[in-house]
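Residue numbers (full-length UniProt numbering): 1 to 368.
In this text, a Cβ means the ideal position worked out from N, Cα and C, and glycines have one as well.
Bear in mind the structure is a predicted one, so any value in this text is a computation, not a measurement.
These notes are about the structure you will find just below.
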């Protein structure tokens, strides 16, 4: 741990230097991604959020630095450097959106560094592999937010990672930006069209069922979740129970497949939709049987996806169910963000909580 802290201190010196040529920033950016993964793996996601802020700042410095100087530092060509940067900024963007959804926001201002998106392709051309289908589905998710940034749909701009936790006079979700509804509807319609094309291209892959069983099950689950997200109308009405149960059947397939590989438990992935989706469905539905199934699956999953810990979320949901049952809370009181819900219920998640953010801030102030 001491060597780890020493490495962070050394990197802070590089980041704070006046060098604008891009030298050393490649190393620092790689380390930011590694540190985020390490902190999440060990359940210290508040620290991971700090590394996210640093990484996003470095991406923006990269973009303002002379490309030739950076490429020379990498002993490669400028296009190699560009591909390298895109991979890393995509990872930072993914963790940032994961953190924002945990808080209950769309995104943070730190993520405004223009992650490029790809055309979804032609519906008559099947995906060549599971990897291509997975990458394109992730691309659709990025595309929605990229469209929102490009048309400046947010007013005011979203808070950054540090400020959203520093201001305790307002709730976390109240710090989210207002959105131009016309721009949001247009972005949503474009995303829906992308998804319909993706689903058509993916049908042959899912129908064959002759590849990696776990990846096929996960892809089918992601498809089901997207179907609910894009089909809910965003009118605040509860999700149809039948659709929820169909998606939960797919979630059970994923959890069962993971449980059969005992050497892979407990599971950790840098990203993933399973835990978020179970929370999203749990309190997007007024059906108590749907919510009970979601909580049971969260308990059985025994996994962490980024900062989303299935055990933490299960505990928060169980506490919320008790509050709903006693009349202390109504379904309409449930917030979008699981972190806000935990704060309302006075539950402190092990992986990430408002207390852990405050503790980290106090520790850094003491050392500073």
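Who are the near neighbours of residue 278 in its chain, counting only those whose CB is closer than 6 Å to its CB and skipping five residues on each side? Position 278 of the chain shown, counted from the first residue, corresponds to residue 278. For residue 278, where only same-chain residues beyond five positions count, the Cβ hits under 6 Å are 294, 297 and 298.
Please classify residue 106: does DSSP put it in a helix, a strand, or coil? As a position in the chain shown, residue 106 is number 106, starting the count at 1. Residue 106 falls in the coil class under three-state DSSP.
Would residue 340 be called buried (16 or more neighbouring beta carbons within 10 Å of its own) or exposed? Here residue 340 refers to the residue found at position 340 of the chain shown. When all chains shown are included, residue 340 counts as buried.
With a 10 Å radius around its C-beta and 16 neighbouring C-beta atoms as the bar for buried, classify residue 234 as buried or exposed. Here residue 234 refers to the residue found at position 234 of the chain shown. Bear in mind that a pLDDT of 47 at residue 234, under 50, signals an unreliable position, so the number given afterwards is only what the model happens to contain. That one is exposed.
Use the C-beta contact count for residue 204: other C-beta atoms within 10 angstroms, 16 or more gives buried, fewer gives exposed. What you label residue 204 is simply residue 204 of the chain shown in a count that begins at 1. Exposed, because fewer than 16 other Cβ atoms sit within 10 Å of the Cβ of residue 204.
Assuming residue 127 contacts residue 201 under a Cβ cut-off of 8 Å, what Cβ separation, rounded to an integer in Å, is found between them? Start at 1 with the first residue of the chain shown, and residue 127 comes out as number 127. Start at 1 with the first residue of the chain shown, and residue 201 comes out as number 201. Yes, residue 127 and residue 201 are in contact; Cβ-Cβ is about 5 Å, under 8 Å.
Start and end of the alpha helix (DSSP H) containing residue 293? Stepping through the chain shown from its first residue, residue 293 is reached at position 293. 288-301 is the span of the alpha helix (DSSP H), which, as asked, contains residue 293.
Output needed for residue 212: all residues of its chain with C-beta closer than 8 Å, excluding positions within five of it in sequence on either side, in chain order. The count along the chain shown starts at 1 and reaches residue 212 at position 212. Answer for residue 212: 130, listed in chain order.
Would you identify the three-state DSSP class for residue 163, choosing helix, strand or coil? Residue numbering aside, residue 163 sits at position 163 when the chain shown is read from its first letter. Residue state, collapsed to three classes: helix.
Spatial neighbours of residue 366 in its chain, beta-carbon cut-off 8 Å, leaving aside the 5 residues before and after: Indexing the chain shown from 1 puts residue 366 at position 366. With a pLDDT of 48 at residue 366, under the threshold of 50, the modelled position of this residue cannot be trusted; read the value that follows with caution. Here the set comprises nothing.
In whole angstroms, what is the alpha-carbon distance linking residue 74 and residue 190? Within the chain shown, residue 74 is the residue found at index 74, counting from 1. Within the chain shown, residue 190 is the residue found at index 190, counting from 1. Model confidence at residue 74 stands at a pLDDT of 43, short of 50, so the residue's coordinates are unreliable; what they give is reported in the following sentence. Using only the alpha carbons, I get a separation of about 38 Å.
So, are the CB atoms of residue 397 and residue 337 less than 9 Å apart? Because the chain in this structure spans residues 1 to 368, residue 397 falls outside the shown range and cannot be described.
Is the stretch 268-287 close to the stretch 342-353, with three or more CB pairs under 8 Å? Touching, no, given that fewer than three Cβ pairs across the two stretches are closer than 8 Å.
Applying the 10 Å Cβ sphere with the 16-neighbour rule, what's the burial state of residue 40? Here residue 40 refers to the residue found at position 40 when the chain shown is read from its first residue. The residue is buried, with at least 16 neighbouring Cβ atoms inside 10 Å.
Does the beta-carbon of residue 135 have 16 or more other beta-carbons within 10 angstroms, so that it is buried, or is it exposed? Taking the chain shown and counting its residues from 1, one reaches residue 135 at position 135. When all chains shown are included, residue 135 counts as exposed.
Residue range of the beta strand (DSSP E) that includes residue 307: Locating residue 307 in the chain shown gives position 307, where the first residue counts as 1. Unbroken run through residue 307: none, as it is neither H nor E.
Helix, strand or coil at residue 352 according to DSSP, with G and I counted as helix: The residue labelled residue 352 in the question sits at position 352 within the chain shown. Residue state, collapsed to three classes: coil.
Going by the CB atoms, is the gap between residue 49 and residue 268 shorter than 9 Å? Stepping through the chain shown from its first residue, residue 268 is reached at position 268. Stepping through the chain shown from its first residue, residue 49 is reached at position 49. Contact flag unset, no.
Quick check: is any heavy atom of the ligand MN less than 8 Å from the C-beta of residue 338? As far as ligands go, the structure on display features none, and thus does not contain the ligand MN.
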